[in-house]
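Engineer:
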Amino acid sequence: MTSAIAWESLVEGQGPEPWTVGPITLTDVVRYQGASGDFNPIHHDVDFAQASGFTRPLVVGMYQAGVLNTYATNWLGPENVRRTKVRWKTPLFPGDLITCSGKVARKYEANGERCVDVELVCTNQAGAVAVEGAMSFVVP
Amino acid sequence: MSEPLPDEVKGWIDQVRYEEEPEFEVEKGYVYSSCSSTQNGNPLFWDEAVAREITGGLMTPPTMMSVWFRPHHWAPGRTKQRLPLQIHFDLKERLELPEAVMTDNEVIFYAPIRPGDHLRAHQVLRSVSDLKQTKLGLGRFWVIDVEYFNQDGTMVGKEIYTGLGYRRGNR
Numbered sequence: 001m002t003s004a005i006a007w008e009s010l011v012e013g014q015g016p017e018p019w020t021v022g023p024i025t026l027t028d029v030v031r032y033q034g035a036s037g038d039f040n041p042i043h044h045d046v047d048f049a050q051a052s053g054f055t056r057p058l059v060v061g062m063y064q065a066g067v068l069n070t071y072a073t074n075w076l077g078p079e080n081v082r083r084t085k086v087r088w089k090t091p092l093f094p095g096d097l098i099t100c101s102g103k104v105a106r107k108y109e110a111n112g113e114r115c116v117d118v119e120l121v122c123t124n125q126a127g128a129v130a131v132e133g134a135m136s137f138v139v140p
Numbered sequence: 001m002s003e004p005l006p007d008e009v010k011g012w013i014d015q016v017r018y019e020e021e022p023e024f025e026v027e028k029g030y031v032y033s034s035c036s037s038t039q040n041g042n043p044l045f046w047d048e049a050v051a052r053e054i055t056g057g058l059m060t061p062p063t064m065m066s067v068w069f070r071p072h073h074w075a076p077g078r079t080k081q082r083l084p085l086q087i088h089f090d091l092k093e094r095l096e097l098p099e100a101v102m103t104d105n106e107v108i109f110y111a112p113i114r115p116g117d118h119l120r121a122h123q124v125l126r127s128v129s130d131l132k133q134t135k136l137g138l139g140r141f142w143v144i145d146v147e148y149f150n151q152d153g154t155m156v157g158k159e160i161y162t163g164l165g166y167r168r169g170n171r
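Structure, rendered in C-alpha cells:
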C-alpha cells in the first residue's frame, strides 16, 4: 500500500489476488452508517426495509464500494486515484461474504503522465456481481 | 409512457443550485471511522509522517467526498430536516416518484481533500429521462453533478450520480 508500484510490473489483464471480506454483519452496516452519516433506515430497520419491498435490511451500497476502493488503493495508492466509477448491480445483505477482484484494463500515457485504468468487481458468495467498478490511476 | 417532463423540472437542468457549506470541517475522526469500517489501513489516512512524505499531509479516502455534506439529523435551532443531495428529493416529489435508488456513482478527483479543509459544494441537474419501464417499476433516470471546492476556491472533485426514481409495479 502506497508503495511505488513499478509501471513495468503492471500487465493488462492481470491484477492482485482477490480479497474476501465478511460475512458482513448488521453491526458492520450500522458502523458504516455512523461513519458516513447515511442513516437511511432501509439499512437497519426491518419493518422499513420490508415496507420498501425488501425481505430485510440491505447493506449500504457505499460500504461495498468502500471495500472495493480499499482493495484498489492498497494496490495502486490512494494518492494516485484520478477517477472512480461504481455501478450497483445486486444488493447485499447481512451474512453475505464479499470478494473483490481487479485487473489492469489499459496502460497508456496522457498529458505526460503514465496512466492505468483498472476494472474491478465485487461479488457475493454465490458469485453474483454486487458492484462493478472502474478506476483510473496515474503511476509515478 | 410519454408523460412530458414538467416545465419546472426542465428549468432546473444545467442550473447551479443548493450551494452549501458543511456543518463541520474535514476531520480525522470521521476518516478513522470510515477507514475502520472498510478495513482500510493505508498510512496516507492514518500516519501523518508517511503521508507528509508522500503527499504533503494526511488525505481522506476518495469515497468520502460526499460525507462532509451529510447533515446531522438534528441540530440546535433547526426547524426543518436538511437532506443531502436535495435535487434528488426534489425530483422524487415533483415527479411523484416515491421510490428511488442510486444506480451509478462516478467521482473525478482534481486535488486531495485533507483534514482541516473547509469545503463548499453545489448541485447541478444534468438530465432527466423519459418514463421507462424497469424491473423495479415505472420511472425516470436522472443525472446529478455535485461539484466540490476547497477554501482556496480550487475544485477538488466532482461526483456524478445516476438515480432512478420510480413507482413500484406498473402504476
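In the order they appear, the protein sequences are chains A and B. For the first sequence, the residue numbers in my numbering are 1 to 140. For the second sequence, the residue numbers in my numbering are 1 to 171. Cβ coordinates follow ideal geometry from the N, Cα and C atoms, glycine included. Quantities reported herein were computed from a predicted structural model and do not represent experimental measurements.
(1) In chain A, what lies closer than 8 Å to Pro62(B) by C-beta?
(2) Asp28(A) touches chain B at which residues, Cβ-Cβ below 8 Å?
(3) Whole angstroms is fine: what's the gap from Ser101(A)'s alpha carbon to Gly11(B)'s?
(4) Have a look at the DSSP bridge pairing and note the partners of Glu119(A).
(5) For Ala35(A) and chain B, any beta-carbon pair shorter than 7 Å?
(6) How about Val116(A) and Val131(A): do their beta carbons lie closer than 7 Å?
(7) Output, in sequence order along the chain, the residues in the segment 7 to 29 of chain A whose CB is closer than 8 Å to any CB in chain B.
(8) CB Leu91(B) to CB Glu3(B), shorter than 7 Å?
(9) Would you mind sorting Trp7(A) into buried or exposed? The rule is 16 or more other CB atoms within 10 Å of its CB.
(10) I want to see whether chain B comes within less than 7 Å of Ala105(A), judged by CB atoms only; does it?
(11) With a threshold of 7 Å between beta-carbons, can Gly133(A) be considered close to chain B, or not?
(12) Out of Val31(B), Val26(B), Ser36(B), which one is the CA nearest neighbour of Asp28(A)?
(13) Let me know the alpha helix (DSSP H) ranges lying completely inside the segment 64 to 114 of chain B, each 4 residues or longer, listed in chain order.
(14) Is the segment 115 to 127 of chain B touching the segment 19 to 39 of chain B, taking contact as three or more C-beta pairs under 8 Å?
(15) Exposed or buried, what is Asp47(A) when buried is set at 16 or more other beta-carbons lying within 10 Å of its beta-carbon?
(16) Let's see if you can read the secondary structure: which residues bound the alpha helix (DSSP H) around Glu48(B)?
(17) Taking the alpha helix (DSSP H) that Met62(A) falls in, what are its first and last residues?
(18) Give me the Cβ distance between Ser33(B) and Ala35(A), rounded to the nearest whole Å; I'm assuming they're in contact under 8 Å.
(19) Taking only runs that begin and end inside the segment 19 to 44 of chain A, name each unbroken beta strand (DSSP E) of 3 or more residues, in chain order.
(20) Would you check if the distance between the CB atom of Gly137(B) and the CB atom of Tyr161(B) is smaller than 7 Å?
(21) Determine the chain B residues that contact Phe39(A) at a beta-carbon separation under 8 Å, and present them in chain order.
(22) For Pro98(B) and Gln86(B), I'd like the C-alpha separation in whole angstroms.
(23) Apart from the five residues just before and just after Phe149(B), which ones in its own chain have a Cβ nearer than 6 Å to its Cβ?
(24) Within 7 Å (strictly less), CB to CB, does Gly66(A) reach chain B?
(25) Can you find a C-beta in chain A that's less than 7 Å from the C-beta of Asp145(B)?
(26) Could you name the residues of chain B that Tyr63(A) contacts, counting a contact when the two beta carbons are closer than 9 Å?
(27) So Tyr30(B) contacts chain A; which residues on that side make the cut at Cβ distance below 7 Å?
(28) Could one say the Cβ of Arg31(A) lies closer than 7 Å to chain B's Cβ atoms, at least one of them?
Structural biologist: From the atom records:
(1) Asn69, Thr73, Pro78, Val81, Thr84
(2) Ser37
(3) 42 Å
(4) Lys103(A), Ala134(A)
(5) yes
(6) no
(7) Val21, Asp28
(8) no
(9) exposed
(10) no
(11) no
(12) Ser36(B)
(13) 86 to 94
(14) yes
(15) exposed
(16) 48 to 55
(17) 61 to 76
(18) 4 Å
(19) 19 to 21
(20) no
(21) His73
(22) 14 Å
(23) Arg120, Met155
(24) yes
(25) no
(26) Ser37, Thr38
(27) Ala35
(28) yes
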